[in-house]
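**Q**
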Amino acid sequence: MSSCDESAVRKWVEAQMGGRVVECSRQPRWRPAYFLELEREDERLLLYFRGDRGISDSSHYALEHEMTCLQVLEAQGIPVPHVFGFCSEPRGILMECSPGRADLSTAHDEQEEQSVQRHYMEILAQIHALDPEPFIQAGLKAPSDPDRLALADLPLWERGYRRAKSQPEPLIEFGLLWLKRNVPPPADSACFVCGDSGQFLFDDGRVTAVIDLELAHLGDPAEDLGALRSRDLSEPLGDLRRAIAAYEEFVGHPVDRFLIDYHTVRFSLTTPLATAPILTRARPGVDLIQYLCWFHVYSRAPMEVIAMARNIELAPPTLPGDTSNRHTPFFDDLSQRLTPTAARDGFSGYAGQTAYRTAVYLARLNRYGPALEADDIADINELLGTRYQDRDRADDALETWILNASAEADADLVRLLHRRCLRQEVLLEPVLGEFAGARIQPLD
173 MSSCDESAVR KWVEAQMGGR VVECSRQPRW RPAYFLELER EDERLLLYFR GDRGISDSSH
233 YALEHEMTCL QVLEAQGIPV PHVFGFCSEP RGILMECSPG RADLSTAHDE QEEQSVQRHY
293 MEILAQIHAL DPEPFIQAGL KAPSDPDRLA LADLPLWERG YRRAKSQPEP LIEFGLLWLK
353 RNVPPPADSA CFVCGDSGQF LFDDGRVTAV IDLELAHLGD PAEDLGALRS RDLSEPLGDL
413 RRAIAAYEEF VGHPVDRFLI DYHTVRFSLT TPLATAPILT RARPGVDLIQ YLCWFHVYSR
473 APMEVIAMAR NIELAPPTLP GDTSNRHTPF FDDLSQRLTP TAARDGFSGY AGQTAYRTAV
533 YLARLNRYGP ALEADDIADI NELLGTRYQD RDRADDALET WILNASAEAD ADLVRLLHRR
593 CLRQEVLLEP VLGEFAGARI QPLD
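Last residue of the sequence shown? That's 616 in the working numbering, and every number before it is there in order.
This is the structure in structure tokens:
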């Protein structure tokens with residue numbers, strides 16, 4: 173969103189709500205969104221304008237879908253932000269700015285962390301127990317058969333990926349094959365699921381609002397337990413074994429652990445499915461470094477979960493030493509010049525940090541990239557018995573091999589693909605931000 177968009181938001185909010193916007197600040201993140209304070213008669217309202225992503229990975233679920241889900245949930249007594257209206261230009265949902273804060277790692281102490289976590293799992297169990305009929309009447313579609321229930325919205329993400337695919341993606345192709353070969357029987361009938369669960373606001377030991385429901389749909393309740401493990405990579409949610417035990421207590425029955433593993437793999441894979449086309453057709457104005465972090469961390473996560481589920485032993489790759497070259501001083505100088513000299517709040521600070529992170533990544537790509545790429549090619553040649561020297565040709569051959577391989581090759585492929593992810597994370601290491609040191613939590 174540009175400054176004129178902000179002006180349009182203010183004007184629309186004032187017309188919609190009947191008052192005067194006295195404060196408006198853009199949320200410092202990749203997605204366009206605004207916090208607003210509206211003065212109306214003798215009251216002041218705190219509002220939140222959730223804008224459209226404006227990029228291709230939003231096309232599967234329109235903003236209107238999220239608004240509908242919020243409205244139906246509120247009518248069912250679930251704590252969600254109240255919706256005031258929808259703006260068609262610029263596209264966005266206007267809702268109340270619910271009290272509380274995100275990120276459970278900011279809990280005052282362990283007691284508050286456990287209290288909030290347990291309360292959220294109680295709410296999640298309540299959501300899953302809701303009658304799906306009001307959601308169907310509002311336009312949500314029920315899965316047509318058991319396979320569709322198990323695969324959830326994966327076919328939507330795969331179709332978008334196939335339409336835009338322009339280069340080999342061996343890990344994505346392997347992940348899709350693994351999911352289709354290992355479809356589990358659903359444990360329950362379809363219910364409303366958050367889709368991207370684990371997102372909430374809290375205060376004083378209690379959840380104040382469930383938020384970010386753009387991926388919500390009718391599906392298997394185990395989806396939300398798998399998504400918790402994925403969300404935990406960027407927003408720590410505490411001990412998830414304890415959380416799942418609390419959920420089982422609230423619903424009154426155990427949940428099959430492989431079903432949770434399956435949906436962890438499935439949901440994690442939707443991120444590389446969605447971001448691969450954005451990264452291969454990169455354009456200015458998109459926070460590419462953040463998308464790159466998402467792509468590689470959420471590519472690694474499915475490999476780690478498959479390894480846990482199938483008892484595949486993983487080992488980190490051997491990393492190369494410093495391979496500086498004549499370009500290195502220029503990249504290092506750029507990084508140094510873009511280093512934030514003082515903490516800046518708001519969106520301008522976020523934009524400056526994005527530029528700095530990008531420069532650091534490029535410096536490391538120049539320094540270590542060629543050696544890491546050579547190691548990737550060597551791994552492929554060892555597996556296939558080939559002598560490729562070009563990365564694109566090697567990746568193309570690997571993808572073709574994967575598409576024709578049997579399940580007996582899974583262990584070797586998981587190890588190879590996991591090493592590839594870790595090599596890419598070496599390049600991103602100083603700028604991983606919330607993903608620094610992140611690993612999928614085991615269930616046992």
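Beta carbons are placed, not taken as given, at the ideal position from N, Cα and C, and that holds for glycine.
1. DSSP three-state call for residue 375: helix, strand or coil?
2. Taking the straight line between their C-alpha atoms, what separation do you get for residue 330 and residue 445?
3. For residue 343, tell me which candidate among 284, 507, 513, 594 has the shortest Cα-Cα distance.
4. Return the chain-ordered list of same chain residues with a C-beta closer than 8 Å to the C-beta of residue 297, the five sequence neighbours on each side being excluded.
5. Mind checking who residue 471 pairs with in its DSSP beta bridge?
6. Going along the chain, which residues of its own chain have a beta-carbon closer than 8 Å to the beta-carbon of residue 188, five neighbours each way excluded?
7. Check whether the Cβ atoms of residue 458 and residue 529 lie closer than 8 Å to each other.
8. Between the stretch 336-354 and the stretch 278-287, are three or more C-beta pairs nearer than 8 Å?
9. Under three-state DSSP, which class holds residue 330?
10. Going by beta carbon distance, what residues of the same chain come within less than 6 Å of residue 184, once the five residues before and after it are set aside?
11. Can you tell me where the beta strand (DSSP E) with residue 196 in it begins and where it stops?
12. With 8 Å as the threshold, decide whether the Cβ of residue 220 is near any Cβ in chain B.
13. With C-beta atoms as the reference, is residue 571 less than 8 Å away from residue 345?
14. Ends of the beta strand (DSSP E) at residue 166?
15. Buried or exposed: which applies to residue 561, given that a residue is buried once 16 or more other Cβ atoms fall within 10 Å of its Cβ?
16. May I have the straight-line CA-CA distance separating residue 555 from residue 453, to the nearest angstrom?
17. To which residues of the same chain is residue 503 closer than 7 Å at the C-beta, ignoring the five residues directly before and after it?
18. Considering only DSSP beta bridges, list what residue 223 is partnered with.
19. If I follow the unbroken beta strand (DSSP E) through residue 364, where does it start and stop?
20. Given a threshold of 16 other Cβ atoms within 10 Å of its Cβ, counted over all protein chains shown, does residue 532 qualify as buried or as exposed?
21. Between which two residues does the beta strand (DSSP E) harbouring residue 390 extend?
22. Assuming residue 251 and residue 448 form a contact by the criterion Cβ under 8 Å, report the distance between their Cβ atoms to the nearest whole angstrom.
23. Can you give me the C-alpha to C-alpha distance between residue 232 and residue 179, rounded to a whole angstrom?
24. Using CA coordinates, which residue listed in 497, 524, 488 is at the minimum distance from residue 648?
25. Does the Cβ of residue 386 have 16 or more other Cβ atoms within 10 Å, making it buried, or fewer, making it exposed?
26. Residue 480 and residue 433: beta carbons closer than 8 Å?
27. Taking buried to mean at least 16 other C-beta atoms within 10 Å of its own C-beta, is residue 290 buried or exposed?
28. Under 8 Å between the Cβ atoms of residue 310 and residue 244?
29. Whole-angstrom Cβ separation of residue 477 and residue 437, contact assumed at under 8 Å?
**A** Once the coordinates are examined:
1. strand
2. Spanning the two alpha carbons is a distance of roughly 7 Å.
3. 594
4. 419, 422, 423
5. BP columns for residue 471 are empty, so no partner.
6. 256, 257, 259, 266
7. no
8. no
9. helix
10. 259
11. 192-198
12. Given the protein chain composition of this structure (a single chain), no chain B is represented.
13. yes
14. Nothing about residue 166 can be reported from this structure: the residues present for the chain run from 173 to 616 only.
15. exposed
16. 30 Å
17. 534, 535, 538
18. For residue 223, which the question treats as bridged, DSSP gives the partners 264.
19. 363-365
20. Answer is buried; the Cβ neighbour count reaches 16.
21. Boundaries of the beta strand (DSSP E) around residue 390: 389-391.
22. Not really, about 35 Å apart at Cβ, beyond 8 Å.
23. Those two C-alpha atoms are separated by around 28 Å.
24. Because the chain here runs from 173 to 616, residue 648 falls outside it and cannot be looked at.
25. Residue environment for residue 386: buried (at least 16 other C-beta atoms within 10 angstroms of its C-beta).
26. yes
27. It counts as buried.
28. yes
29. 5 Å
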